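Protein chains in written order, with our numbering: chain A, 25 to 298; chain B, 91 to 287; chain C, 91 to 287.
In this text, a Cβ means the ideal position worked out from N, Cα and C, and glycines have one as well.
These numbers come from a predicted model, not from an experiment.
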Amino acid sequence: MSVAEADALRAPQQHEMPFAIVHGDPVTELPRDLYIPPQALEVFLEAFEGPLDLLLYLIKRHNLNILDIPIAEITRQYMEYIELMEELQLELAAEYLVMAAMLAEIKSRMLLPRHVEGEEEEDPRAELVRRLQEYEQYKQAAESMDALPQLGRDVFEVRADSSGISPLRVQPQVSIQELILAMRDVLHRAELSSHHHVQREPLSVRERMSSILGSLSSEKYSEFRMLFDVTEGRLGVVVTFLAILELLREALIEMVQAQAYGPIHVRAMSRELE
Amino acid sequence: MNSSELKNILEAALLAAGRPMSVDALLELFADDAVKPGRSEVRETLSAIDADWSGRGLELVQVASGYRLQVRSEYAPWMHRLWMERPARYSRALLETLAIIAYRQPVTRGEIEDIRGVGVSSSIMKTLMERDWIRVLGHREVPGRPAMFGTTREFLDDFNLKSLEFLPPLSEIRNLERIHADLFPGGDDPGQPSPPN
Amino acid sequence: MNSSELKNILEAALLAAGRPMSVDALLELFADDAVKPGRSEVRETLSAIDADWSGRGLELVQVASGYRLQVRSEYAPWMHRLWMERPARYSRALLETLAIIAYRQPVTRGEIEDIRGVGVSSSIMKTLMERDWIRVLGHREVPGRPAMFGTTREFLDDFNLKSLEFLPPLSEIRNLERIHADLFPGGDDPGQPSPPN
């Protein structure tokens, strides 16, 4: 678009409309000796964050009271803006057109006589005013938020060198309680899978204690693992183990281990035979 | 451990961690020590560190995740020269979207669009999510079950905030009682951001 | 720019850069300044920074690519806790395997599987070996000569046991409700057996 064309698009009453916003300042006059690329006008378009933003701009620009918007005037200016966009064949967000329709509707309702039924009627502008104010609130909040010190923009993280320091690799901690409870579960499951012989358990341990004691001599050590009969399956093995533990606890047998992790030997306590 | 040793350790930790450190996280450093510093001792030492850095290039601030030693904003012009890339400047659309989420959370995208009067682009939501500034808090139980968004701890950390209460207050709506009542049917004070639950 | 200002900027830059800074790189920070510090001024300021940090948690060192502020190695014992790699809890299968080994040693993997009624994964055995909690005691003289496992001294140390005898007897473990109540008075029940199917 040439300067002349751009000029021609400016209707006489549009002189207060900005063509661009440069560093926050509206530019209302196109520089006569400059070619304005269409992208620049798109920048201008993008300067508005939607119809509410545009309306707020128009209200501010004319120092209007947001609570008493001269709706006819604002509508006229808004429509001029929309038409300008369309003439420039810039794609307009649908919301701008929806707002245009809303303004037209408010304008027509404003023309209707008020106090029809004596009851106080709502100002046709009320919803628009509410939305404008709400939007303005967040628009300002966004500006204040942007003014907060931002990490990486205004304030900066520090990172003293620690390349010589290796991370501490921590293994999960396990308490003895957890270990015991795990064993309990093993035992529970062993019982459950053994034909529900749970209630007979103490008895069979007692029986096994007797049979182990009977097989042991106090004169001679027997090898610990020989007390187990793997063919009995896990329940039998556990029962034997429990029996041995119980015999140990009751000091009926004695266990020795000549060397760490060496074979364990068992014999009956001699006094038991006395 | 004497107090200057404790200060050295805490200061080194704040400088080396690369993230804000809570008092708990700082206490954790002494897990292997026979004599561990107490919570109040750590707090006092943090005050001493803060005082040490007054008038110098760093400052100790408290943000949502803990304490952070950071370069003061007055030195930003020189710090920017450390990196080739300039920090991103966020668009007004993004900042307004973020502001609405921060002050109105939990809020759906549709509600943000209602307030802004214009659609919110997916790329803005994506950027905010990628930045870890917003997250999905849940879904509104209305048709379509739209996602409700809220801000994150990272958002507070990155904006130098200890909590949402420290957001700049929303401007008062200069208006009639009627509009006020419409806006805040619950009688909420419009001057305060509503903290998330 | 006065000398304390210069020191503040250089110190902040050394801490924020995340890489060693040469004198040239530091001079580069002042490219936009009307009055730039000289090379010797920068060097003197680095000496001053070095002196400032003596007896504190960091030290200024010169490495191949320049100067950097780094945590003194004497503080490593506290610093390495800043980057703890905390793995997830051990699985129930691992704990049961360990318990069986503790109570039944020497025990082969096949025997453990018989008792648990399910296979024992190699990774569990590997983890227990790496943790130094179990070791191979020998081989059972049966076909295949399976390894027999037992617990180690580290196991006793880590579980605070003077010897294996201090493990509670199995007969007590099975009257569990009482033990359980003693162990977890708070009503927490991490050890609930999985319900039978």
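Run down chain C in chain order and give the residues with a C-beta less than 9 Å from the C-beta of residue i.
| i | result |
| --- | --- |
| residue 120 (chain B) | 168 and 171 |
| residue 103 (chain B) | 147, 161, 165, 168, 169, 171 and 172 |
Mind checking whether the beta-carbon of residue i lies closer than 7 Å to any heavy atom of the ligand ZN?
| i | result |
| --- | --- |
| residue 156 (chain B) | The ligand ZN is not among the ligands present in this structure, which contains no ligands whatsoever. |
Would you grab the beta carbon distance between residue i and residue j for me? Rounded to a whole angstrom, and I think it's under 8 Å.
| i | j | result |
| --- | --- | --- |
| residue 249 (chain C) | residue 236 (chain A) | 28 Å between Cβ atoms; not a contact. |
| residue 130 (chain A) | residue 149 (chain A) | 6 Å |
| residue 182 (chain A) | residue 117 (chain C) | Not really, about 21 Å apart at Cβ, beyond 8 Å. |
| residue 295 (chain C) | residue 243 (chain C) | Residue 295 (chain C) lies beyond the stretch modelled for chain C, which goes from 91 to 287, so this question has no answer here. |
| residue 188 (chain C) | residue 203 (chain A) | 6 Å |
| residue 275 (chain A) | residue 241 (chain A) | Incorrect: roughly 17 Å between the Cβ atoms, too far for contact. |
| residue 171 (chain C) | residue 121 (chain B) | 7 Å |
| residue 214 (chain C) | residue 190 (chain C) | Residue 214 (chain C) to residue 190 (chain C), Cβ: 11 Å. No contact. |
| residue 161 (chain C) | residue 102 (chain B) | 5 Å |
For residue i, name the three-state secondary structure that DSSP assigns.
| i | result |
| --- | --- |
| residue 106 (chain B) | helix |
| residue 101 (chain A) | helix |
| residue 146 (chain A) | coil |
| residue 238 (chain B) | strand |
| residue 86 (chain A) | coil |
| residue 160 (chain B) | strand |
| residue 246 (chain A) | strand |
| residue 205 (chain C) | helix |
| residue 194 (chain B) | helix |
| residue 111 (chain C) | strand |
| residue 210 (chain B) | coil |
| residue 96 (chain B) | helix |
| residue 292 (chain A) | strand |
| residue 231 (chain C) | coil |
| residue 287 (chain A) | coil |
| residue 262 (chain C) | helix |
| residue 93 (chain A) | coil |
| residue 256 (chain B) | helix |
| residue 243 (chain B) | helix |
| residue 286 (chain C) | Confidence at residue 286 (chain C) is low in this model, with a pLDDT of 40, below 50, so its placement is unreliable and the value that follows should be read with caution. Reduced to three states, the DSSP call for residue 286 (chain C) is coil. |
Is it buried or exposed, residue i, if we count other Cβ atoms within 10 angstroms and call 16 or more buried?
| i | result |
| --- | --- |
| residue 256 (chain C) | exposed |
| residue 119 (chain B) | buried |
| residue 173 (chain B) | exposed |
| residue 295 (chain C) | No statement about residue 295 (chain C) is possible, as the shown extent of chain C runs from 91 to 287 and does not include it. |
| residue 258 (chain A) | buried |
| residue 269 (chain A) | buried |
| residue 239 (chain A) | exposed |
| residue 124 (chain C) | exposed |
| residue 175 (chain A) | buried |
| residue 75 (chain A) | buried |
| residue 152 (chain C) | exposed |
| residue 127 (chain C) | buried |
| residue 179 (chain C) | exposed |
| residue 207 (chain C) | exposed |
| residue 110 (chain A) | exposed |
| residue 250 (chain A) | exposed |
| residue 219 (chain A) | Residue placement at residue 219 (chain A) is flagged as unreliable, the pLDDT there being 44, under the threshold of 50; the coordinate-derived value follows with that caveat. Exposed, because fewer than 16 other Cβ atoms sit within 10 Å of the Cβ of residue 219 (chain A). |
I want to verify the contact list: residues of chain A whose CB lies under 7 Å from the CB of residue i, in sequence order.
| i | result |
| --- | --- |
| residue 249 (chain C) | 200 and 203 |
| residue 192 (chain C) | 203 |
| residue 158 (chain C) | 185 |
| residue 236 (chain C) | Going along chain A, no residue has its Cβ under 7 Å from residue 236 (chain C), so there is no contact; the nearest lies around 12 Å. |
List, in order along the chain, the chain A residues whose C-beta lies closer than 8 Å to that of residue i?
| i | result |
| --- | --- |
| residue 106 (chain C) | 180, 181, 182 and 183 |
| residue 117 (chain B) | By Cβ distance, chain A contributes nothing, its closest Cβ being about 15 Å from residue 117 (chain B), past 8 Å. |
| residue 261 (chain B) | 160, 161, 164 and 165 |
| residue 189 (chain C) | 203, 204, 206, 207 and 210 |
| residue 221 (chain C) | 195 |
| residue 258 (chain C) | 204 |
Using a Cβ cut-off of 7 Å, pull out every chain B residue sitting near residue i, in sequence order please.
| i | result |
| --- | --- |
| residue 163 (chain A) | 186 |
| residue 186 (chain A) | 106 |
| residue 155 (chain A) | 207 |
| residue 177 (chain A) | 177 |
| residue 110 (chain A) | Within chain B, no residue comes near residue 110 (chain A); the closest Cβ sits about 18 Å away, beyond 7 Å. |
Which chain B residues are close to residue i, counting only those with a beta carbon under 8 Å from its beta carbon?
| i | result |
| --- | --- |
| residue 99 (chain C) | 147, 165 and 168 |
| residue 170 (chain A) | 180 and 185 |
| residue 159 (chain A) | 205, 206 and 207 |
| residue 281 (chain A) | By Cβ distance, chain B contributes nothing, its closest Cβ being about 35 Å from residue 281 (chain A), past 8 Å. |
| residue 275 (chain A) | Ordered by position in chain B, no residue passes the 8 Å Cβ test against residue 275 (chain A), which lies about 40 Å from the chain. |
| residue 117 (chain A) | 208 and 209 |
| residue 174 (chain A) | 177, 248, 249 and 250 |
- Item | alpha helix (DSSP H) segments (min. 4 residues) lying fully within the region 120 to 157 of chain C | 129 to 142
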